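For the sequence shown, my numbering begins at -15 and goes up steadily by one. All C-beta atoms, glycine included, are put in the ideal place defined by N, C-alpha and C. Everything numeric in this text was worked out from a predicted model, so none of it was measured.
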Amino acid sequence: MKIDSNETLIFGAGGQVGNRLRGLLPNAVALDRDQVDFTQLETISEVLEEYKPKIVINAAAYTAVDLAEKEPEIAHLVNAEAPGRISEWCCANKAIFVHYSTDYVFPGKGMEGSVENTAPGPINEYGKSKLEGEKLVVKHFYKQGLDKGRFFIFRTSWVYDSLGKNFLLTMLKLGAEKETLNIVSDQIGAPTYAKDIAEKTIAAVTRAMDKDPFPSGVYHFCQAGETSWFLFAEEIFTLARDKGFDIKVKTVNPIRTEEYPAPAKRPMNSRMDCSKLETRLDLKFRNWKVALNECIEDLYTRYHTS
Ligand SMILES: NC(=O)c1ccc[n+]([C@@H]2O[C@H](COP(=O)([O-])OP(=O)(O)OC[C@H]3O[C@@H](n4cnc5c(N)ncnc54)[C@H](OP(=O)(O)O)[C@@H]3O)[C@@H](O)[C@H]2O)c1
């Protein structure tokens, strides 16, 4: 069965992933913060009652990791209470609920990729709020019984796109302005293109509606391969130069996390093992370098052919 865009509601349609979902599901109800503010929890059920979707995809989140240290209550409302409310409504109305979470639910110790049941232990307020959100979603669905609806929590990492606030666009801006940059080289993870997240989400939901559906639960959901922020930056500059971007930067220095103080602590190891999802859906994420190349090419075409 194909996902019916008429029966789908997307929260967070103005964000990186939400915007991609909106593009792939043109008939879906696509709402951004102006239409539903998650800090006003009552508006969530009002809007769900109005549209009565069969599938709800929540791409809205408080993603300002450093600011969350100052505003943990707002992060909690948006990242925990709001998905909790959505899951209550989905359970009561037998709707499929797709929600996104993050590698930041883990403490980031060791060198291996975490699996879905690796013990969480967030080290910053953003990660705590996202873990609380996961727990509320799981709790509501298990309390109501999984026959009442289905949920999928996709944990992704280091998201970027050709719009929004992300590391790729920051590097392209800094790379065009500065000759020397210092970039953290001891945090390891998988940069993930929002376009791939949206496409795989639709593949997963389509599969969930098949006769042989795949089970509700938490799934790791990121691009294949791994890198550091430093090597990610180097790859961005190499690809951008190749495509014809004006990149001034001559030297990129690897630095340690301690040399780049930030309000929120970051996990050192953000690797996630996606084999559970890949096996159940027979679906593979592309390598991060392949996806990055495509995104930079799209960016170049957009800005240099208009
Ligand atoms: N970005 C990453 O690196 C990353 C990494 C791991 C996991 N994730 C997860 O992946 C999912 C998608 O992330 P993304 O990168 O697409 O995020 P994003 O680009 O920051 O988009 C988040 C969206 O949520 C909206 N939002 C923020 N506060 C809101 C509120 N109070 N009420 C309603 N909407 C609100 C934002 O609106 P405004 O534009 O008006 O602020 C924005 O449209 C999220 O669950 C995130 O936690 C992201």
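Can the beta-carbon of residue i be found less than 7 Å from the beta-carbon of residue j?
i      : j      : result
Ala248 : Val49  : yes
Asn253 : Gly92  : yes
Ser293 : Asn166 : The first residue shown for the chain is -15 and the last is 290, placing residue 293 beyond what the model contains.
Gly97  : Asp266 : no
Ala59  : Glu109 : yes
Ala79  : Val40  : yes
Gln207 : Phe269 : yes
Phe135 : Ser200 : yes
Leu25  : Ala182 : no
Phe205 : Thr140 : yes
May I ask which residues mark the beginning and end of the alpha helix (DSSP H) holding residue i?
i      : result
Leu283 : 272 to 288
Thr47  : Run containing Thr47: none; DSSP gives neither H nor E here.
Ala178 : 178 to 192
Leu8   : 0 to 8
Leu265 : 259 to 265
Ser113 : 109 to 128
Ala76  : 66 to 76
Thr27  : 25 to 35
Can you tell me which residues form a DSSP beta bridge with residue i?
i      : result
Phe135 : Phe81
Leu165 : Val236
Gly173 : Thr211
Ala14  : Ile(-6)
Thr140 : Thr86
Ser98  : Met256
Would you give the residue range spanned by the beta strand (DSSP E) that residue i belongs to?
i     : result
Val62 : Segment: none, Val62 is in no beta strand (DSSP E) and carries neither H nor E.
Val40 : 39 to 42
Tell me which residues share the same chain as residue i and place their Cβ nearer than 6 Å to its Cβ, disregarding the 5 neighbours each side in the sequence.
i        : result
Asn(-10) : Asn11
Tyr244   : Val168
His83    : Asn42, Pro67, Val121, Ile137
Asp145   : Gln0, Ala178
Val99    : Asp257
Lys38    : Glu(-9), Ala79
Return the chain-ordered list of same chain residues with a C-beta closer than 8 Å to the C-beta of residue i, the five sequence neighbours on each side being excluded.
i      : result
Leu215 : Ser169
Leu158 : Leu165, Val233
Phe221 : Met155, Gly159, Ile231, Val233, Val236
Leu9   : Ile(-13), Ser(-11), Thr(-8), Ile(-6), Ile186
In its own chain, which residues sit with a C-beta less than 7 Å from the C-beta of residue i, not counting the 5 before and 5 after it?
i      : result
His124 : Gly68, Ser71, Glu72, Cys75
Lys227 : Ile280, Glu281, Tyr284
Tyr35  : Leu(-7), Val13
Ala275 : Tyr177, Asp180, Gln207
In chain order, each alpha helix (DSSP H) run of at least 4 residues that lies wholly inside the stretch 198 to 255: 213 to 227
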